[in-house]
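In this note's numbering, the protein residues as written are 31 to 512.
A short write-up of the structure that comes next.
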Ligand SMILES: Cc1cc2nc3c(=O)[nH]c(=O)nc-3n(C[C@H](O)[C@H](O)[C@H](O)COP(=O)(O)OP(=O)(O)OC[C@H]3O[C@@H](n4cnc5c(N)ncnc54)[C@H](O)[C@@H]3O)c2cc1C
């Protein structure tokens with residue numbers, strides 16, 4: 031193979047994960063090339079952050095580079111058609127007071143259950159944050175067992191009585207692709223509670239300037255550290271020589287050499303699209319194709335000509351709003367999604383990003399960003415046939431709580447699983463219990479010497495985090511010292 035240049039590490043994908051890994055490696059003197067088929071860009075509409083790795087932000091000095099948060103700790107609002115919305119905040123006593131009108135028993139239980147979950151989630155951090163899962167899992171075995179075994183809804187049933195509260199909390203259990211009814215989905219609730227944003231456990235936050243500003247900060251950190259960034263350069267093949275990684279070939283035919291490649295794509299895309307079955311292991315590629323999940327996530331972003339007004343009890347517009355009044359809507363939506371259809375009632379979360387950061391839209395415009403799950407991952411007739419139905423369902427559901435909203439729409443943008451599967455494959459991972467509790471080495475590693483994953487699909491639960499990238503970079507730096 032003749033090469034113009036040899037890099038220490040080539041990183042596939044200039045999303046937050048790829049850029050984070052590149053920055054950490056380049057600042058330690060490694061020659062790093064990041065290649066992406068597109069310009070660095072955040073996943074469309076991912077306004078809410080709940081899992082960014084604090085030690086990564088610190089290592090890259092992102093606060094000094096100008097990282098600012100428009101909201102640091104979003105409350106969670108469960109919307110009710112009768113206007114008696116639930117508002118869940120960090121203040122357990124205030125939350126309990128609000129719950130009292132729905133259930134005296136839940137109001138009494140809330141501070142105790144909230145503290146129980148926060149404590150166990152915190153104790154799980156060595157497993158999910160560091161590289162210390164075996165010891166943590168052994169120590170917490172008995173306390174963890176119900177979360178490992180139970181579906182989120184069954185676990186919530188064991189703690190609370192009001193459907194309003196349980197249906198609101200169940201939404202976050204679906205963020206890894208499991209249904210809140212599936213055994214082990216209770217663990218996703220615990221994973222969410224173990225995260226930290228802005229120094230606050232279990233918080234959700236919004237970055238000032240939105241996801242675009244965040245990806246720009248990571249890109250600048252990588253380039254200032256000396257990493258090279260090549261966009262409009264899709265990788266067509268990861269090159270293997272004698273069972274070892276040799277570099278990548280771009281779609282243009284150009285060959286770039288490196289003994290180490292980090293892929294921020296999913297394991298399935300990396301193995302099945304960028305390697306041949308014989309290189310990646312035929313059994314493994316067949317398993318990845320076979321185990322493709324059937325459900326995914328979609329996002330509908332509405333641009334409005336006026337501030338949306340939510341009827342009923344007053345709720346801050348900077349909250350995360352969950353639209354799922356009935357627990358059964360999760361089961362119905364999951365069954366429909368598995369059959370390739372959209373359910374009539376789709377559980378969703380929406381935010382109003384411009385309530386916190388008006389600069390995200392032109393003057394006088396306002397954004398409503400709705401996250402829907404579960405939806406079919408790859409419907410039989412393709413997503414093009416379902417998009418307008420999806421938007422109608424979102425408008426129908428939001429209209430119950432914000433009756434003027436449909437009249438205020440000036441633009442609609444839809445991101446469906448197709449877009450994400452093509453982008454990085456992050457939606458083609460269903461985080462089961464085994465994946466969530468695996469060692470970092472298992473989630474990042476591949477059978478090929480020199481190839482590791484570093485993207486969201488290697489996180490315990492896919493999210494904008496950068497933790498997989500940090501672990502992959504640390505592993506490369508540690509291996510070099512041996
Ligand atoms: C609809 C939806 C909404 C979401 N909302 C949120 C949210 O609000 N908050 C949150 O924390 N998480 C959210 N997520 C999850 C989150 O978007 C992902 O986990 C995260 O963006 C993944 O980041 P990444 O850097 O690992 O990958 P990506 O940001 O997806 O980056 C992968 C990069 O690889 C590039 N690429 C792909 N193929 C090639 C190739 N062959 N050669 C070169 N480059 C290539 C792509 O162009 C892309 O830039 C959402 C997911 C979905 C599906």
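Idealized CB from N, CA, C, for every residue including glycine.
The structure displayed is predicted, hence computed values, not measured ones.
Hey, could you find the ends of the alpha helix (DSSP H) residue i is sitting in?
i, result
"residue 442", "Premise fails: residue 442 lies in the beta strand (DSSP E), 439-445, not in any alpha helix (DSSP H)."
"residue 38", "Note, residue 38: premise wrong, no alpha helix (DSSP H); beta strand (DSSP E) at 36-42."
"residue 84", "84-89"
"residue 293", "Residue 293 -> not in any alpha helix (DSSP H); beta strand (DSSP E) instead, spanning 285-293."
"residue 125", "122-129"
"residue 102", "Per DSSP, residue 102 belongs to no alpha helix (DSSP H) and is neither H nor E."
"residue 319", "312-320"
"residue 268", "No alpha helix (DSSP H) contains residue 268, which is instead part of the beta strand (DSSP E) from 265-271."
"residue 46", "46-56"
Ordered along the chain, which non-local residues of its own chain (more than five positions away) have a Cβ less than 6 Å from that of residue i?
i, result
"residue 379", "201, 350, 352 and 401"
"residue 107", "115, 117, 345, 349 and 351"
"residue 111", "430"
"residue 230", "103"
"residue 417", "444"
"residue 481", "275 and 291"
"residue 499", "47, 50, 51 and 484"
"residue 252", "49, 52 and 53"
The beta strand (DSSP E) spanning residue i covers which residue range?
i, result
"residue 180", "From DSSP, residue 180 is part of no beta strand (DSSP E); its letter is neither H nor E."
"residue 277", "274-280"
"residue 60", "Premise fails: residue 60 is in no beta strand (DSSP E) and is neither H nor E."
"residue 404", "396-406"
"residue 107", "106-108"
"residue 233", "Segment: none, residue 233 is in no beta strand (DSSP E) and carries neither H nor E."
"residue 147", "It is not in any beta strand (DSSP E) - residue 147 instead sits in the alpha helix (DSSP H) that spans 134-153."
Does the Cβ of residue i have 16 or more other Cβ atoms within 10 Å, making it buried, or fewer, making it exposed?
i, result
"residue 501", "buried"
"residue 305", "buried"
"residue 410", "exposed"
"residue 46", "buried"
"residue 496", "buried"
"residue 437", "exposed"
"residue 142", "exposed"
"residue 78", "buried"
"residue 35", "exposed"
"residue 69", "exposed"
"residue 113", "exposed"
"residue 182", "buried"
"residue 505", "buried"
"residue 88", "exposed"
"residue 197", "buried"
Near residue i, which residues of its chain fall below 7 Å by C-beta distance, leaving aside the five closest residues on each side in sequence?
i, result
"residue 57", "255"
"residue 221", "158, 466, 490 and 491"
"residue 84", "226"
"residue 135", "191"
"residue 391", "333, 384 and 397"
Does the CB of residue i have a neighbour CB from chain C at under 7 Å?
i, result
"residue 412", "In summary, chain C is missing from the structure at hand, where a single protein chain is found."
Considering only residues of the same chain and omitting the five flanking positions on each side of residue i, which have a CB-CB separation below 8 Å?
i, result
"residue 477", "310, 311 and 314"
"residue 442", "330, 331, 332, 333 and 421"
Any heavy atom of ligand 3 within a distance shorter than 6 Å of the CB on residue i?
i, result
"residue 443", "Ligand 3 is absent from the structure shown, which contains only ligand 1."
(request) Could you tell me whether the region 422-430 touches the region 403-414, using the rule of 3 or more Cβ pairs below 8 Å? (result) Flag = no, the region 422-430 and the region 403-414 do not touch.
(message) Is it the case that the region 253-269 contacts the region 59-66, given that we only count it when at least three CB pairs across the two stretches are under 8 Å?
(response) Flag = yes, the region 59-66 and the region 253-269 touch.
(request) Decide yes or no for the touch test of the region 363-372 against the region 120-128: beta carbon pairs closer than 8 Å, at least 3 of them. (result) no
(message) With three or more beta-carbon pairs closer than 8 Å as the criterion, would you say the region 240-256 touches the region 354-369?
(response) Result no; under three Cβ-Cβ pairs closer than 8 Å.
(message) Whether or not the region 183-196 and the region 148-164 are in contact is what I'm after, with contact meaning three or more pairs of Cβ atoms, one per stretch, closer than 8 Å; do they touch?
(response) no
(request) Please confirm if the region 326-339 is in contact with the region 387-397, defined as three or more CB-CB distances below 8 Å between the two stretches. (result) yes
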